[in-house]
Amino acid sequence: LDTKRKTISIRDYVKYRLAVRKQEDYHNIWNSGGGLSQKFALDYTARIDSDVADYLRRDDLDLRASLPEPALRWLARDSNANSIADIGHCVMFRKEHPGTRPYFQDMFYDATTLMARSRKPENASFMFTFTSNPRWPEIKRNMLRDNQKSVDRFDIISRVYEDKLREIHYLLNKKHIFGKILGYAESREFQKRIGGPHLHRVFCTDIVATPDNISNLIWAHIPPEPPATDNSPWANFMRKVRELLPFYQFHDCGEHCKKANGKCKKDFPKPYSNITILHANKPAVYYRPSPDDGGETLKIKRGRAWITYDNTKVVPYNPLILVMFECHHNLEFAYGQTDNLKYALKYPFKGSSFSYVRSEVNGLITVDEPLHYARMIYRSPTEAYSRIMSFKYAFLSHIVIPLSIHLPDNQKIYFTSKNASKIISAINAGKIPDSRLSAYWKLCISDSAAKNILFENIPETYAFNKNDKVWKKLNISEKNKNRKPRIGRIYTVSPRDPELFALYILTKHFPGTPKDLLTVNGHECQTFAEAARLRGLFEDNNVWERTLREGSISLNPSQMRQLFANILVFGGTEKCVIDGLLLWNMFVDHFYDRRCTEAEKLIRIDRALAIIEKLLLSNGRSLQEFNLPLPNNSIRNNPDRALDEFFFPHHINDDEMDEAIDTSIYDNTNLNPEQQRFFNLIRASVLDPNTKNKLFFLSGDGGTGKTFLLNYIIYKLREMRLKVLATASTGIAATNFYAGGMTFHSAFRFGINVEPDVIPPVTVDSYFGRRIIEANLVIVDEVTILNKTIFENVNLLCKKLIPQYNNEPFAGKIVIISGDWKQSLPVVEESSAPGAQVAASIQSSELYGRFEKHRLMQNMRVIQSEIAFKDWLYSIGTGQMGDSVIIPEAMRVNSRQELYRFVFNTGFDAPVADLLKRLILSPTNRVVDVINSEIIDLINAPLHEYLSIDSPTSENPFAYNLADYEVAQLNRLTPKGLPAHNIKLKVGAVIVLLQNLNTQKGLCNGTRMIVRRLHQDLIEAETISGSSERGIVVGICRARNSYKELRPDGVSFERFQFPIRVAFCMTITKAQGQTCERLGIDILDEPFAHGQTYTAFSRCRSGENIRVFAPGKTPDNNGNVSMRNVVARGIRFD
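Number 1134 marks the last residue of the sequence shown (the UniProt record's numbering); no jumps.
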């Protein structure tokens, strides 16, 4: 008892009143009043909040003078003030106040920081929701009267739930029922209807994330009923699970959970699946067998009706948790990097953003956040009681040490009236107290071990002594060995202070003192902003000048023109327009071959402009956009010539000495009978305007010459001056056309996101419109991976451009589509179920039924072993082997290192033509990234790191998800199709392009290349795939990559980075269209979608040159190891 205190707080008073006493003469009136008891708790919680608000409204805590100008501008706009001068007092919450905006923002920062440090790519992370159950015996036993409702005993609900949480924490953190916990973040939330508490936890473990491991922990199915004669513990356990499922884990869709379109907000019923599928960027698909596949059903009485439930209605759960706690819970595999975290630490109050409450005093607007909070907050009695009892809203597995950034000798100094004179005397004597950052800089000088440790990692091994203002080495003893681990988090800095923001970015990426940070490649910069620019971390207006200057050292004129065009197309934005004329004038002498006379110089400069104009046109841009002069015979003034050059290309490259396209193979090769029949059919259809056969589907296994036949058709028709529009669903497939094709999206001017019945604004008289109208034949290769939406939209586009034939499919165009239905089907973002892929494929389109089907059967390969391998592949692709494939023993390896040695047995300095034929595949990016990182480490060459500049495209300084826009958070994201923030490269590394630079030269999304030179702002690489075996050198510049997909949080940002990824290993889907002679397959994550197993093995023409690494796979009784083979039901192998 504290005898010195003269008063007690309201919180302590209410705690005393609400305490349950067991004396017989005590009536417990505060807990027996029903609705009045609830109001009592709510009113006193409001009183507690009011006391906090009154404290924050003190004049000495007014934030008007200390808020940054951007925050004041936002407040002025939100309060309808004319300017920031109209803002008077600003009363805002602090991060120490639980349940408020700053509290959850700060906890979110801490949570994402510790999860980023704790999480390992190969290990599993989980999202766990644990709710309360008002029917728990502990709650029922403590009712004060027989008819008392549990909602009136909010105190008992809260206390019992606290006890249950302690048990949950013991099971997770001590007993490790989900594996050893590496880190966790959890938050508490309260239901709005009955006020019951529930917990959201995201945690990462040491369990390897494989479908088998996840299936053992997460169940989304009804277990089979054990035989009546089986009384084993496991059988009784299964009976208990079946008994509890109807009460806690079945989802009943009602009006409360339906969206405007009538679909369930939680996407129930879930699709059936005979396997568990893990994804890196969307929710996992769990094992949910259908009744036809042996899945269980339960018939349950709901009211007067009997309802049959199957596995589509089961909320994912853990059977042990269900039996032990008998309450609703949800256990999910956590995908992505921050998506699940944000759900765990979201605001307890949901809905749209509220305007801040304003009041006017003396003509000035007062912004009062506590008043807004008091008026807008909805709180249940259970939450009110938890607030009174100071129960935590959030828990973290680590202690997060806050770290601030400041310029040298510019640290903040905190003092009170008691020590002000002492501090002032110290400052006058030149003894400014050290901050954590300035003490770190001194530590780097005195301790050589600390010099290589990032500032934010220092708290892991050092502790800051607040009295002495120094970092001291942590002493781990028996007494403190079990304490929480420590990590550091650097507070974010606004980009509006360039020098301070530059120091922040540098400190996040590099260790050392200010002098170390200012030194870049031996050059000592004058400012941190200059150092950040030279390290590629800051926007720099001179980056394109440096890029072209670096390229001019070793690139020839053709490569320089391509580089210049890439800079113009991919380097600028609406807000950052590139001065093309300035760059042209600076480097014009490098855009043409200077081995010429003065008379020829102007001709060659004009030709260089014409070639650049052609490159820009292929990307839908023009010279005028960049203030560049027009060539004498501009395509803009002669569209007929532009179309002629498009349909009848003569050269692979564009210099005078470039080789013509080699077409001798098409002149000197005879077609086999079935190829000849198909060619004759196409030629006759194109030449006869009255033909009825206009739509053709061509299929054939590897070795039947399908690609050769398509190229033969293109060549022969072009000889006859007939125009062929050769396209493919992927960039890699487009490069297989002999003169370079183009992607289907690009040919018909569609963007990334395609919506039904929405066509691009292509006009009849435009270059792109005429290209479609004048084409005598349209070819679409690899059509099986194409979504039916764009296929049907192209049909609409053709009818719009050629209205006189709008009663015919594709407006009467002759169309050849080709593909192999055994390969991958379209990617469906919302679902990975094979049925969803079939529904998205063109086989589900009414148009597909109108195509005349032709299949090449004659295999052109004469080696018997290759023919046998193709027969084996056919049985895989058509599902004849079932849902699993035995991996031949000769193909198996026992480690990744053995896999690397087999695939890259000639080393990493092999010629281009050799590396072209070597590739490792895996189903998921998660494993691909790990393998590429390991192989980079094996190359004996200096390491270069290229860091991106990430910028949010929208900003709200008081948004609940403000943490998502912090630069460090954006750096951690690697969305599909975007390069990583930190690209680590060595000369000799294999990379893959992520953008279509020039498909006619084989430079497209999916092209693999070898790094030849690494500069500061330029990467020189040589292609190792494409239509030409001859290596093509290209200079790759940084590009602006926008991420604008509709995420639940609405986050969008721009990444300024080289559009590449390391590509010793690729995903199976990305590799469709690639071929190789040495192939490795890693199935740590097994194939999960239709055709992936077939696609992986069919990249190589001989099984003797394939090796498979299957970690965690146990041989069966016969010593066989199998891998999953998904073949969608309903797909027809036409």
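Glycine included, each C-beta is placed from N, C-alpha and C at the ideal position. Predicted, not measured: the structure shown is a model, and the values here were computed from it.
- Cβ-Cβ distances below 7 Å link D409 to I432 in the same chain, with the five nearest sequence neighbours on each side left out; the list follows chain order.
- Closest in C-alpha terms to L777, from the list Q562, R718, A734 and N736, comes R718.
- Shown here for L847: same chain residues with a beta carbon closer than 7 Å to its own, the five before and five after excluded, namely F791, E792, N795 and P809 in chain order.
- DSSP places Q1057 in the strand class (E or B) of the three-state scheme.
- Under the Cβ criterion (8 Å, minimum of three pairs), the segment 579 to 599 does not count as touching the segment 637 to 648.
- The bridge partners DSSP lists for K301 are W306.
- For the pair F104 and G34, the Cα-to-Cα distance works out to about 32 Å.
- Residue range P834 to A840 is occupied by the alpha helix (DSSP H) that includes G835.
- R201 and V758 have their alpha carbons spaced roughly 41 Å apart.
- If you look at V930, you'll find it in the alpha helix (DSSP H) that goes N925 to L938.
- Taking E460 as reference, the option from G488, F1133, W441 and D468 with the minimal CA-CA separation is G488.
- Closest option to K451, judged by alpha-carbon separation, among N940, T513 and V764: T513.
- Contact annotation: the segment 1073 to 1088 does not touch the segment 797 to 804, with fewer than three C-beta pairs closer than 8 Å.
- Counting C-beta pairs with one atom in each stretch, the segment 323 to 330 and the segment 130 to 141 have three or more that are closer than 8 Å, which means they touch.
- Per the Cβ contact rule, the segment 528 to 544 is not in contact with the segment 999 to 1011 (fewer than 3 Cβ pairs under 8 Å).
- Here Y184 carries a strand assignment [DSSP, helix/strand/coil].
- Secondary structure note for F1088: it is in no alpha helix (DSSP H), with a DSSP letter that is neither H nor E.
- Separation of F626 and V569 (C-alpha to C-alpha, rounded to the nearest whole angstrom) is 10 Å.
- Look at the beta carbons and you see the segment 882 to 900 touching the segment 1108 to 1127: at least three pairs across the two are nearer than 8 Å.
- Going by DSSP, W441 is part of the alpha helix (DSSP H) stretching over R436 to S446.
- Here C444 has A450, K451, G512 and T513 as same chain residues with Cβ atoms under 6 Å from its own Cβ, once five neighbours each way along the sequence are excluded.
- A straight line joining the alpha-carbon of A53 with that of A19 spans about 26 Å.
- A straight-line Cα-Cα distance of about 10 Å links F510 and R535.
- The three-state reading of DSSP puts V885 in strand, counting E and B together.
- For R855, the enclosing beta strand (DSSP E) starts and ends at E852 to L856.
- Secondary structure of H523 (DSSP, three-state): strand.
- Comparing alpha carbon positions, the residue from V838, G1002 and F1109 closest to A1089 is V838.
- Collapsing the DSSP output to three states places E1077 in coil.
- Going by DSSP, C1065 is part of no alpha helix (DSSP H) but of the beta strand (DSSP E) stretching over C1065 to T1067.
- Within a 10 Å sphere around the beta-carbon of H523 sit fewer than 16 other beta-carbons, which makes this residue exposed.
- Annotated three-state conformation of E600 is helix, per DSSP.
- Counting C-beta pairs with one atom in each stretch, the segment 692 to 710 and the segment 756 to 771 have fewer than three that are closer than 8 Å, which means they do not touch.
- S746 counts as buried, since no fewer than 16 other beta carbons sit within 10 angstroms of its beta carbon.
- Shortest Cα-Cα distance from I275 to any of D883, T974, S1098 and C1065 involves D883.
- Ranked by Cα distance from V285, the options T312, K265, K299 and T308 are led by T312.
- If the five residues before and after I321 are omitted, its C-beta is found closer than 6 Å to the C-beta atoms of H329, all from its own chain and listed in chain order.
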